[in-house]
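Trainee:
There are 4 protein chains.
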Amino acid sequence: MAHAELHTPDLEGSLWFFTRLLGMRETARHQDSIYLRCYEDPYHHSLKLTAHDRPGLGNIGWRTTSPDALQRRATALDQAGLGTGWTTGDIGVGRTFGFTSPDGHPMELVWDIEKYTAPPALQSRILTRRSKRPLHGLPPRRLDHVNLMASDVTTQKELFEHTLGFQTRERVIDAADGGTEIGAWLSVNNLGHEMAVMRDQTGTRGRLHHLAFWYGVPQHNTDAAELCREYGIQIEAGPDVHGITQGAFLYVFEPGGNRIELFGNSGILQFEPDHDTVTWDLADFDTGLAIGGATLPAETYFVYGTPGTDGQDKLLDGWKDRDLVPGGEAP
Amino acid sequence: MAHAELHTPDLEGSLWFFTRLLGMRETARHQDSIYLRCYEDPYHHSLKLTAHDRPGLGNIGWRTTSPDALQRRATALDQAGLGTGWTTGDIGVGRTFGFTSPDGHPMELVWDIEKYTAPPALQSRILTRRSKRPLHGLPPRRLDHVNLMASDVTTQKELFEHTLGFQTRERVIDAADGGTEIGAWLSVNNLGHEMAVMRDQTGTRGRLHHLAFWYGVPQHNTDAAELCREYGIQIEAGPDVHGITQGAFLYVFEPGGNRIELFGNSGILQFEPDHDTVTWDLADFDTGLAIGGATLPAETYFVYGTPGTDGQDKLLDGWKDRDLVPGGEAP
Amino acid sequence: MAHAELHTPDLEGSLWFFTRLLGMRETARHQDSIYLRCYEDPYHHSLKLTAHDRPGLGNIGWRTTSPDALQRRATALDQAGLGTGWTTGDIGVGRTFGFTSPDGHPMELVWDIEKYTAPPALQSRILTRRSKRPLHGLPPRRLDHVNLMASDVTTQKELFEHTLGFQTRERVIDAADGGTEIGAWLSVNNLGHEMAVMRDQTGTRGRLHHLAFWYGVPQHNTDAAELCREYGIQIEAGPDVHGITQGAFLYVFEPGGNRIELFGNSGILQFEPDHDTVTWDLADFDTGLAIGGATLPAETYFVYGTPGTDGQDKLLDGWKDRDLVPGGEAP
Amino acid sequence: MAHAELHTPDLEGSLWFFTRLLGMRETARHQDSIYLRCYEDPYHHSLKLTAHDRPGLGNIGWRTTSPDALQRRATALDQAGLGTGWTTGDIGVGRTFGFTSPDGHPMELVWDIEKYTAPPALQSRILTRRSKRPLHGLPPRRLDHVNLMASDVTTQKELFEHTLGFQTRERVIDAADGGTEIGAWLSVNNLGHEMAVMRDQTGTRGRLHHLAFWYGVPQHNTDAAELCREYGIQIEAGPDVHGITQGAFLYVFEPGGNRIELFGNSGILQFEPDHDTVTWDLADFDTGLAIGGATLPAETYFVYGTPGTDGQDKLLDGWKDRDLVPGGEAP
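Protein chains in written order, with this note's numbering: chain A, 36 to 366; chain B, 36 to 366; chain C, 36 to 366; chain D, 36 to 366.
As structure tokens, this is what we get:
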């Protein structure tokens, strides 16, 4: 995953959250969009914030392994009837092949992309680090993964397996309901997942569950929770550790209403070339959700996505009374 | 606080939990009791497990600052009508002055106490450490504090202030109910609390809410939660950090049914000689309970204590299906 | 310990370090001095930076337990011939009684002191926290302790025991040299130390070894080391854990040349009213210095203090090539 | 990397270290060999300890991505003149193709391998975890990487690039010496390295620098250092974080004399399909070795490998006075 675009009805608030609290740096602005990156993200930007009347996903950009792979995957997506054609790209992004997921999420494939080079004052002595660790906020190191809600998990999963080479590492089924797939965690590399798909119980299509950024240090999730509490950012659940993927999680809602996950470690890494998909049953799901004592609130975690459904506007209203400090704070 | 005695209807299970999972070491056995200590506890034992038909508190032993103070405090308790007389002590404990708290918790004061000296093989190169850190389990360093349920928080709190020199650091009141005290956190030293008192909504008297052991390292609470999950010990809530005391908490139920807190840091330390008591209102209690996203389950956290009330037997039954490994495990 | 004053020949650089990298907040400026505090420090300021041609200690302020104690201690210091008389105080500090340590360190006692109250935007929902955790830098929570070099450790130690009520928790002797005291760690509360005294091998008097600030979270020392590396602050040793006090340490030199310790936990807390002083022998000192594999460099750790001796100017010159970003950095 | 074999002249001591202190579990014994695994290792064993008169590497087993790849790589190695022929395998390992590295390290390729299935009592509720986290020792999760000393880094590196598909992620050159390669870090997946090669300044061939096991939690390196200090295991350096690979390291010597690294995080993960090799110059090597203040001791880190050279026997003698507890300890 190279980049993601989030829609936000509160561009100033979202910008405050991602730059002041999460310490991301701005790399460009254009019209209603602001481009941001984490300090170890390899490319020009990993997050594009765009002003919009409703929150949600604007786009997900996947980088292929080669120019040939881009052409090959584009053909496969066209054959699947999901392609939306070639684009001329974006700031820092060359031409892309657009498509939508079976559930309607906007995505694109790209090969040509601008690698980030820091100006001298921000170059790090740690040579694998693309820029100095920022001194403001509690900065995650890179964009990690995306979790999508889908009205039909299996269809969404299989498309990604068949056209883009994803493997399903873990899945949850409801054995009491004939084995319906409730969730799936997919990866094209050693990570436990780069994309997850969870069933949208409301039946809505094309919604975002969350976008995740990676710390790699469990304590940083505790620190992030403390800063969110101090500065009025709504915490949904965590810090705790998922049984599924073994990832250390913290879920919060950024001021625009999108759910953001902060990922305190890498979870399980998979190195077996012939690994099997692990299947959880809904009846034993507790450990899958959290190894510790965290409860993922049923009234939000399993039904709230962006854009929200009508009934969810009320949930959003409750978050508006935050004591956020929009302009940041002086030393 | 020098030592505590817990009653347990499952002595073997409790012993497994405290020695195999928490890595405490046994220092003596006598009749139906087993004496245990953490590796930095200064005295002969900090925990005495005693077989009993119901869980709950057997005793709490407070060490005075001098022999004179023991006599002075005993007199004050006798004047308050709470003294139960001098005893000849216990293994590792000299004569004590027994008393009950206003709510009925059994307690004792002691000066003469046996300091622990490790056998040569267990002596640590770290000279302030009374014995080597164990290689088994995930060992807490020392007994930290006790939390008592009381039918009347204010009475309980004031007795300890007036007769034993405790100061109230933080308290919670219900402003909507005329300012009734719901909880109080008391200390005689720099710690945020050595004793807490929380209102027993069931009206029962003399019950234990929890006994706490100290790690001093936040990550160890996450590790402990993982081991509890793996070995079938019921987790109630956490790991997270309380706003009150700023202590990092994990609540679990040991196999005998008593709630145990593992404390991953020291929380706020108080060094002001003229500090004020901090007062939380029940309406703003969320941050007081947890800085992160943890929820303390209303059906247990605010009503369950040991010994349990009749209705609570059902809660206990649910914990019996644990996949605990009583005999430990071979390497 | 209520506050400390540091002299610095690079006021701008020191201010950058304490505010931008350590996230302290400025509370006042007056003439050549800037007043700073950590976010949980209880008083108006804990650190006063004063421009001076050489680095070193300007003052250490100890708060007494009561107004009576102030008078009593002042009398004792006068009788010891160390008193320098009453002052009218400073910004946020009422009248003080000045004195010098036997080795010549400037100090003062105070009772009347201004407690810090945050403006509304910086008030924390965590009620024991005097102000919100800052969003800039990696902020320690409070001033922790001071370590002084002394030409005669025993004389320095005994004066503090006899006139100010300090207890010696741990000490190091050179058994091969007739038991000469090399170092002593003293406390008036549960902490492992609030003041340490280490022998100045150069025979110089009245020098500072280091001033320490407290994180209470071990990971934060690793984070601080990373930021110091990134931003050109010279690291002397750590992160590691001392055997003495069991404190998690990181030693760095702030741009003015003073050694600063960041303290990642509280180390051992002492609750025994009748504890003994622990004595380390120089021959077994390795574990005392570091539990892990850190080495404290002999060419700086045991000889460098501030103000430096003539030969130490060369050491300081080496630190000048840092790639510090004086003006901070934009998001 | 699927498994490694270590030679040890102190089989009992080495077994104590890997099982009692590091909490690995034994899966088989045969003649002079003991087979061990970490709790998340996927295969029958990841470490084989074999009694031998000198420490060192017995073998390294690499698993190919498919049966075809095994044949293809075997042919390439034969063509390079390094193949030593097919074997019938080992306990838990099917037929292998043996080869030696250009510098003389014994290695093998394997496809058929026994996946580990835990007995019911050790099965974990966390379904991606092959067995419960042990309750003894401080258990790493899996075998991570190997670091080999080589008389010629470039030759060793290029063979692995050309015949086995490794990519060089980072390397160190001595620009002052014509750009000679001093070290190289290679990987076939997203990890920063699975194999490193460092120049053997003594000119000896085929030696092991270290074998590494992965915790994935930085605090566990601090805990491991503390246990090593308590139980007499020699610590060489750390805990700290390398600039190269950004891995959190702790180096210790197991009782047999082999250097073992404990890896507290995953370091940098590389997801760019077209990433460049990062080149460090020896003159700027400080940050590469450690981000914090750790110093890697020149008298051991850059010259000691196993088997040791003659002059290194004296180093080994010094480690024999450890206060190791061979039989473990009772609770």
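For every residue, glycine included, the Cβ atom is placed at its ideal position computed from N, Cα and C.
1. Counting only C-beta atoms, is residue 289 (chain B) closer than 8 Å to chain D at any point?
2. Leaving out the 5 sequence neighbours to the left and right, which residues in its chain are closer than 7 Å to residue 200 (chain B) when beta-carbon positions are compared?
3. Check whether the Cβ atoms of residue 209 (chain A) and residue 203 (chain A) lie closer than 8 Å to each other.
4. Which residue comes first and which comes last in the alpha helix (DSSP H) that contains residue 193 (chain D)?
5. Could you give the first and the last residue of the continuous alpha helix (DSSP H) run that contains residue 224 (chain C)?
6. Listed in chain order, which residues of the stretch 120–134 of chain B have Cβ atoms closer than 7 Å to some Cβ of chain A?
7. Which value, in whole angstroms, describes the spacing of the CA atoms of residue 297 (chain A) and residue 322 (chain C)?
8. For the stretch 311–333 of chain C, which residues have a beta carbon sitting closer than 7 Å to at least one beta carbon of chain D?
9. Nearest-angstrom Cα distance between residue 148 (chain C) and residue 290 (chain D)?
10. Would you kindly check if the distance between the Cβ of residue 326 (chain A) and the Cβ of residue 258 (chain A) is under 8 Å?
11. Need the endpoints of the alpha helix (DSSP H) that residue 255 (chain C) sits in, please.
12. Here's a check: name, in chain order, each residue in its chain whose Cβ is nearer than 8 Å to the Cβ of residue 65 (chain B), leaving out the five neighbours to either side.
13. Whole angstroms is fine: what's the gap from residue 307 (chain B)'s alpha carbon to residue 41 (chain D)'s?
14. Just the Cα atoms here: how many angstroms apart are residue 62 (chain B) and residue 54 (chain B)?
15. Short of 8 Å in beta carbon distance, which residues of its chain neighbour residue 211 (chain C), apart from the five on each side in sequence? Order them along the chain.
16. With H, G and I counted as helix, E and B as strand and the rest as coil, what does DSSP make of residue 323 (chain B)?
17. Comparing C-alpha positions only, which one of C:70, C:240, C:269, C:303 sits nearest to residue 6 (chain D)?
18. Counting only Cβ pairs nearer than 7 Å, list the residues of chain B close to residue 252 (chain D).
19. What residues in the stretch 91–107 of chain C have a beta carbon less than 9 Å from any beta carbon of chain D?
20. Tell me, to the nearest whole angstrom, how far the beta carbon of residue 315 (chain D) is from that of residue 162 (chain A); I am working on the premise that it is less than 8 Å.
21. Does the CB of residue 360 (chain A) have a neighbour CB from chain C at under 8 Å?
22. Compile a chain-ordered list of the residues in the stretch 136–163 of chain B whose CB is closer than 8 Å to at least one CB of chain D.
23. Answer yes or no: do residue 173 (chain D) and residue 255 (chain D) have a C-beta to C-beta separation smaller than 8 Å?
24. List in chain order: all unbroken beta strand (DSSP E) runs of 3+ residues lying wholly within the stretch 153–192 of chain D.
25. Checking 8 Å against the spacing of the C-beta atoms, do residue 57 (chain C) and residue 84 (chain C) come in under that value?
26. Closer than 8 Å, CB to CB, is residue 276 (chain B) near chain A or not?
27. Terminal residues of the continuous alpha helix (DSSP H) containing residue 64 (chain C)?
28. Check the C-beta distance from residue 46 (chain D) over to residue 99 (chain D) and give it rounded, since I have them as a contact under 8 Å.
29. List, in chain order, every chain A residue whose beta-carbon is nearer than 8 Å to that of residue 308 (chain D).
30. Of the residues A:158, A:91, A:194, which one's Cα is nearest the Cα of residue 137 (chain A)?
31. Would you mind telling me which residues of chain C sit closer than 8 Å to residue 211 (chain D), beta carbon to beta carbon, in chain order?
32. With 16 other CB atoms within 10 Å as the buried threshold, where does residue 309 (chain C) fall?
33. Considering only heavy atoms of the ligand FMN, does any lie closer than 7 Å to the CB of residue 246 (chain B)?
34. Please determine, among B:312, B:43, B:52, B:36, the residue with the shortest C-alpha to C-alpha distance to residue 266 (chain B).
35. Report the neighbours of residue 169 (chain A) on chain D: residues whose CB is nearer than 7 Å to its CB, in chain order.
36. Between the Cα of residue 168 (chain A) and those of A:238, A:73, A:196, spot the shortest distance and give me the residue it belongs to.
Mentor: In terms of the structure at hand:
1. With 8 Å as the cut-off, residue 289 (chain B) does not count as an interface residue toward chain D.
2. So the list reads 223, once near-sequence residues are dropped.
3. Taking 8 Å as the cut-off, the Cβ atoms of residue 209 (chain A) and residue 203 (chain A) do not count as close.
4. It spans 188–199 - the alpha helix (DSSP H) in which residue 193 (chain D) sits, taken as one unbroken run.
5. Unbroken run through residue 224 (chain C): none, as it is neither H nor E.
6. Residues of the stretch 120–134 of chain B whose Cβ lies closer than 7 Å to any Cβ of chain A: none.
7. Each residue's alpha carbon lies about 38 Å from the other.
8. From the stretch 311–333 of chain C, only 322, 326, 327, 328, 329, 330 have a Cβ closer than 7 Å to chain D.
9. C-alpha separation (whole angstroms): 57 Å.
10. Taking 8 Å as the Cβ cut-off, residue 258 (chain A) and residue 326 (chain A) do not qualify as a contacting pair.
11. Per DSSP, residue 255 (chain C) belongs to the alpha helix (DSSP H) from 253–265.
12. Excluding sequence neighbours, residue 65 (chain B) sits near 126.
13. Rounded to the nearest angstrom, the two C-alpha atoms are 57 Å apart.
14. In a straight line, the C-alpha of residue 62 (chain B) is about 11 Å away from that of residue 54 (chain B).
15. For residue 211 (chain C), where only same-chain residues beyond five positions count, the Cβ hits under 8 Å are 317, 318.
16. When secondary structure is reduced to three states using DSSP, residue 323 (chain B) falls in the helix class.
17. Past the edges of chain D, shown from 36 to 366, lies residue 6 (chain D), and the structure says nothing about it.
18. Ordered by position in chain B, the residues that pass the 7 Å Cβ test against residue 252 (chain D) are 254.
19. Residues passing the 9 Å Cβ filter: none.
20. Going by Cβ atoms, the distance from residue 315 (chain D) to residue 162 (chain A) rounds to 6 Å, so yes, they are a contact pair.
21. With a pLDDT of 44 at residue 360 (chain A), under the threshold of 50, the modelled position of that residue is not reliable, and no figure is offered here.
22. Listed in sequence order: 156, 157, 159, 160, 161.
23. Yes, they are a contact pair.
24. Whole beta strand (DSSP E) segments, 3+ residues: 177–185.
25. No.
26. Interface residue, yes.
27. Here residue 64 (chain C) belongs to no alpha helix (DSSP H); instead the beta strand (DSSP E) covers 60–65.
28. That pair is no contact at about 31 Å.
29. Ordered by position in chain A, the residues that pass the 8 Å Cβ test against residue 308 (chain D) are 98, 99, 100, 101.
30. When C-alpha distances from residue 137 (chain A) are compared across A:158, A:91, A:194, the shortest belongs to A:194.
31. The contacting residues do not exist; residue 211 (chain D) stays about 19 Å from chain C at best.
32. Residue 309 (chain C) comes out exposed.
33. Annotation note on the ligand FMN: not contained in the displayed structure, which lists no ligands.
34. Taking only the C-alpha atoms, the option nearest residue 266 (chain B) is B:52.
35. What residue 169 (chain A) touches in chain D: nothing, since even the nearest Cβ is about 16 Å away.
36. Among A:238, A:73, A:196, the Cα nearest to that of residue 168 (chain A) belongs to A:73.
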